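Let me begin by presenting the structure, written as structure tokens, before commenting on it.
There are 2 protein chains.
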Amino acid sequence: MTSRIYKCQGALLNARGECQFRVWAPFRENVTLLLPGSRENTYPMQRDEEGYWEVLVAGIRPGALYYYLLDGTLQRPDPASRNQPEGVHGPSAVTDPAAFTFTDDHWTGMRLEEMIIYELHTGAFTPEGTLQGIISRLPALLELGITAIEIMPLAQCPGRRNWGYDGVYPFALHNAYGSADDLKELVNTAHALGLAVILDVVYNHQGPEGNYLQDYGPYFTDRYCTPWGQAINFDGAWSDAVRAFYIQNALMWLDEFHMDGLRLDAVHAYWDSSALHVVQELAEAVQQLEARTGKKKVLIGETDLNNPRYINPVEKGGYGLHGQWADEFHHALHSRLTGERNGYYEDFGCLSQLAAAFEHAYVYTGQYSPHRKRRFGALPEHNPYSQFVVFAQNHDQVGNRMLGERLGALLPFEALKLAAATVLLSPFVPLLFMGEEYGERRPFLFFTSHGDPQLISALQAGRKREFAAFHAGGEAPDPQSLQTFQASVLSWDMQSPDNAALLACYRFLIDFRKNRPALRNDRREGTRVHAVLNDALLVLEREDEHSQDRLLILFNFDRQEQVWHSAGMQPV
Amino acid sequence: MTSRIYKCQGALLNARGECQFRVWAPFRENVTLLLPGSRENTYPMQRDEEGYWEVLVAGIRPGALYYYLLDGTLQRPDPASRNQPEGVHGPSAVTDPAAFTFTDDHWTGMRLEEMIIYELHTGAFTPEGTLQGIISRLPALLELGITAIEIMPLAQCPGRRNWGYDGVYPFALHNAYGSADDLKELVNTAHALGLAVILDVVYNHQGPEGNYLQDYGPYFTDRYCTPWGQAINFDGAWSDAVRAFYIQNALMWLDEFHMDGLRLDAVHAYWDSSALHVVQELAEAVQQLEARTGKKKVLIGETDLNNPRYINPVEKGGYGLHGQWADEFHHALHSRLTGERNGYYEDFGCLSQLAAAFEHAYVYTGQYSPHRKRRFGALPEHNPYSQFVVFAQNHDQVGNRMLGERLGALLPFEALKLAAATVLLSPFVPLLFMGEEYGERRPFLFFTSHGDPQLISALQAGRKREFAAFHAGGEAPDPQSLQTFQASVLSWDMQSPDNAALLACYRFLIDFRKNRPALRNDRREGTRVHAVLNDALLVLEREDEHSQDRLLILFNFDRQEQVWHSAGMQPV
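Each protein sequence line maps, in turn, to chains F and H. Take any residue in the first sequence, note its place counting from 1, add 4, and you have its number in my numbering. Take any residue in the second sequence, note its place counting from 1, add 4, and you have its number in my numbering.
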């Protein structure tokens, strides 16, 4: 394992009241620090051999605004800004990383296999739409029984309302949500309650508005295509500093913010032909952080490649992530529950596919996929079940539908309980999407508040085009409209009889999962699919490592009663 | 390991005198076989569900010409043609794969560690420029002592003169060189003499002229960039048939032509994000062929990524190639010998880098490369030395120079002997480039004989641009000129005193390599670099597995005498 020193970019206040400004701009002739409003307001910076420019300035206070002036002409915010008080186009602001005092020394992190994850969007989770709003609901989540929250991306995005995947300042907390100290307070409070915190981070692209990275250096490449714009330059000339930028970002959240883990968005789109893949380099940097701090950290990749390489250990040629999202478990479950066969659900729909997902986490392990029109995937033979995060819903699976319908709006009450049990009694790491626990019926729609008119119309047209294939009729809601966002905020209606009953069911299942040894075994031999009958009944056996505790779980996906005889029970 | 059936494309004569025509064209409405000249000359073909079109026709003779008619409008040669008697734009011709009778049943192949490889270009190797020409020189090669010949690509290219990397019919033998049966005779004769035969194959792109693949189906993709044109579609929709096309091609050379191995050109440009990488799929298909036939086959990748993944075993997360070219051994040797520092030689020049290459095969194993402007490579810790093919010259390193100078034209006589010893006494698999053994002074230039005027001028302009960086002055020879080719044909001057002396030296070194146990040990612990003195003297120790035979080898890269005391000898 290589041990690398990653140079920090950004404005870093030290204990002596000095601020170290450092920014990477290898092709610029000169870079100047600009402090608008102060008397002596420009500071020429010194370049080192790697192309980082530095200047140390005394007497800087937290909150001080600054820009960089590139080659005397371009005035730009800091790519590694910690705070953009006026949004993506405004000045950057200095923060004091040491201002907040953590009290979570006792906390040593949480292993992935202990996690029951609750995914939430800061803006839509509470009426306040802030980090403080999340803090106020932590006791409710504790009561539900989940053990970890996963927060959708918090990097500064254009406008106030955004899912988070349009972030353009990976180090800055989105200004609509509160301050960096609010986030630290959230993590500190969670840890006090015994909850872990995972942050969703986006290192495969930058958002389309307010992205000034290309003015600083070769952050992007045209060697690869991504659906979201230019690919990040992880393997071309000058890529060391680009890799360092994102790895430093990961280390900031994990170290300075005490995050317990990161969910790496679309890790299959980290295009990198280097001998040391950037995902592996990131995983190794995090391992070194763990060794240094004694705190457990988890890295979970979102990947749709059905390729165990991402989660295999480095000595087996893997990239060393702890876990990954297992989308196909969702697809198999969703399509069987809803009967939907459009889009990628074309590849799913039989209960036997859900059985396959119970066995391998992936459904496609090398077979021909009609939707992809090619053979797809590989068998994750040596990976314990706890390396896979499964869900009946998540922000993408709900929000990428034209009308953003949650299962609560698509399925009858009994089916919601079935979905909950399928996820929570599985040997995988379960993830709930905020509101799922009480059967929220409000949608989770795609919303933005971009400022660039051209981008807005392109986005609106794009959404309509995208849904031509998915939905026969109806109009896609306007992502820019305030209403679209407001319609997506949780109702917190836990009192209606069905909602209360479903919540009780979730609480029971979570409690059951935590306390039955059979359900705590993540080894592959601890879970057996016994039968799939009439495309309706799925019979699952689970047992603990010592075969002391055994459970036979019968999932009935039909309205009809199913009859099954356990005599002569054979694994399928 | 998956065992897949790969459908053959092409025109395959069977023992009953019928010919099975099969071609993949998934988006075509209809495909018709066209036999120009015969009376009833069109045969409608039937499509199967994968998009292959077939027809079985009786009474077809070897040599029969044919085209396919696509959607009633486009008349095209067969992408899997075995013979293009009139070149890349003309009709395809049926061949009889069973016409030649091999007599090499005794031959079971050769392990990579036994190979001393001789790379040759069919057109420039002999005055005849044919496969028969090669056959006539096999006894001379046997006398030299090499154990394997590696033939530059033989696929049908545009025109008569071409290096081979512009091939557009991977299954057809280039018509200027002779027939498929000539190639079989060559392999059969080589085996009778105890020589193995390796073929260079190009699966990362198709040549620029006469490439009709895109008329048949989605063979290409724009998701990745290559320097040589469109990337092959190894991972998009419909890619199963594309992968099968190239894997079938590999199997044809290895099985039907009895080739002992393949050199895979630029395997780093096989862009593939699939869970089962196409290189691994190819390696597994070849392993199955070996199991079926009992004949050893070797796969050697050309890759410049310094990434041991390509040659690691599948169970260690590798792709399972047997070996790879180790370009950096060359670069370290060449730049130290010649003093050249232009282009990629910028990264080399110190003798300590050659010492590093002796230790790890790669020079850059994670360090910063000034030429690439990023950290580069990884350490191949667990790979025996025999997985790396090294050379003082090869077609690329000679021919990609503006003036195509071989070492014989660049270095004094003594330095040529030093280069030979460095390669042949190394623990790696040595490769000689034709003519190197007697110090050929003729160049090996880049030559083509394209027919497309636009392509020709683009190519001529491109060569000039390319060499702007490499050479300060002079004109790049015209690749299209017949003279450029003729100047590159070997002189076979083995009589001049220096040439005869060098040849004797090569023979001695090869013989010594074959017979000294210390030189036959490919384990990493059998080779130790003891010292690098004054950037002039490299001291290498080699021993056999049982430490019975030990050799101390002193390479002096300076004109001055070097003094070195072995007392207190410590590994560096």
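Glycine is no exception: its CB is placed at the ideal position from the N, C-alpha and C atoms. Just so we're clear, the structure is a prediction, and the values are computed from it rather than from any experiment.
query, result
"Can you name the start and end residues of the alpha helix (DSSP H) that Leu411/F belongs to?", "Leu411 to Leu414"
"Would you verify that the beta carbon of Gln13/F is, or is not, closer than 9 Å to some beta carbon of chain H?", "no"
"Can you give me the C-alpha to C-alpha distance between Ser570/H and Ser339/H, rounded to a whole angstrom?", "27 Å"
"Does DSSP put Gly14/F in a helix, a strand or coil?", "strand"
"Does DSSP put Trp568/F in a helix, a strand or coil?", "coil"
"Could you tell me whether the Cβ of Tyr220/F comes closer than 9 Å to any Cβ of chain H?", "no"
"Could you tell me whether the Cβ of Arg229/F comes closer than 9 Å to any Cβ of chain H?", "Before going on, a small fix: residue 229/F reads as Cys here, not Arg. Chain H, which has a Cβ nearer than 9 Å to the Cβ of Cys229/F, makes this yes."
"I need the straight-line Cα distance from Ala180/H to Tyr10/H, nearest angstrom please.", "30 Å"
"Should Asn18/F go down as buried or exposed, given a rule of 16 or more other Cβ atoms within 10 Å for buried?", "exposed"
"In terms of residues, what are the limits of the alpha helix (DSSP H) holding Gly403/H?", "His399 to Gly403"
"What does a CB cutoff of less than 8 Å around Pro459/H pick up in its chain, not counting 5 residues either side in sequence?", "This sequence places Leu at residue 459/H; Pro is not what is there. Cβ within range, chain order: Pro212 and Glu213."
"For Ser277/F and chain H, any beta-carbon pair shorter than 9 Å?", "yes"
"Counting only runs that start and end within the segment 340-427 of chain F, where is the beta strand (DSSP E) found for 3 or more residues in a row?", "392-395"
"Just how far apart, CA to CA, sit Met156/F and Ala504/F?", "26 Å"
"Given a cut-off of 9 Å on the beta-carbon distance, is the pair Tyr323/F and Gln284/F in contact?", "yes"
"Please report whether the beta-carbon of Gly377/H lies at a distance below 9 Å from any beta-carbon of chain F.", "The sequence shown places Lys at residue 377/H, rather than the Gly named in the question. It does; some Cβ of chain F falls within 9 Å."
"One question on the structure: do Val191/H and Val201/H come within less than 9 Å of each other, judged by their Cβ atoms?", "yes"
"Identify the contact partners of Ser356/H in chain F, using a Cβ-Cβ distance below 8 Å as the criterion.", "Per Cβ cutoff of 8 Å: no residues; Ser356/H is ~20 Å from chain F at best."
"Pull up the distance between the alpha-carbon of Leu558/F and that of Leu544/F, whole angstroms please.", "6 Å"
"For Val318/H, I'd like the list of residues in its chain whose CB is within less than 8 Å of its CB, leaving aside the five on either flank, ordered along the chain.", "Met5, Gln284, Ala287, Glu288 and Gly324"
"Which residues in chain H sit within 9 Å of His272/F, going by Cβ to Cβ distance?", "Ser277"
"Taking the alpha-carbon of Ala128/H as reference, which of Glu547/H, Asn560/H, Ser495/H and Val567/H has the nearest alpha-carbon?", "Ser495/H"
"Around the Cβ of Phe249/H, are there at least 16 other Cβ atoms within 10 angstroms (buried) or fewer (exposed)?", "buried"
"List in chain order: all unbroken beta strand (DSSP E) runs of 3+ residues lying wholly within the segment 18-89 of chain H.", "22-28, 35-38, 46-48, 56-62, 69-74 and 78-80"
"Can you check whether the C-beta of Asn208/H is within less than 9 Å of a C-beta belonging to chain F?", "no"
"So, with DSSP's three-state summary, where would you put Pro575/H?", "Low confidence applies here, because Pro575/H scores a pLDDT of 46, under 50, leaving its location unreliable and the question unanswered by this model."
"Please report the residue range of the beta strand (DSSP E) in which Gln328/F lies.", "Gly327 to Trp329"
"In angstroms, rounded to a whole number, what distance separates the CA positions of Pro101/F and Thr112/F?", "21 Å"
"Could you tell me which residues DSSP pairs with Leu177/H in its beta bridges?", "Ala159/H"
"Where Glu90/F and Leu69/F are concerned, what is the direct C-alpha to C-alpha distance, given to the nearest angstrom?", "10 Å"
"Hey, out of Gly478/F, Phe432/F, Arg32/F and Pro483/F, whose CA is closest to Pro222/F's CA?", "Arg32/F"
"Please confirm if Phe380/H has its CB atom under 9 Å from at least one CB of chain F.", "yes"
"Cβ of Asp226/F less than 9 Å from any chain H Cβ?", "yes"
"Which residues mark the beginning and the end of the beta strand (DSSP E) in which Val536/H is found?", "Thr531 to Leu537"
"Rank Leu542/F, Asp482/F, Glu418/F and Ala84/F by C-alpha distance to the C-alpha of Ala245/F and give the top, closest one.", "Ala84/F"
"Hey, is Asp239/F's beta-carbon within less than 9 Å of any beta-carbon in chain H?", "yes"
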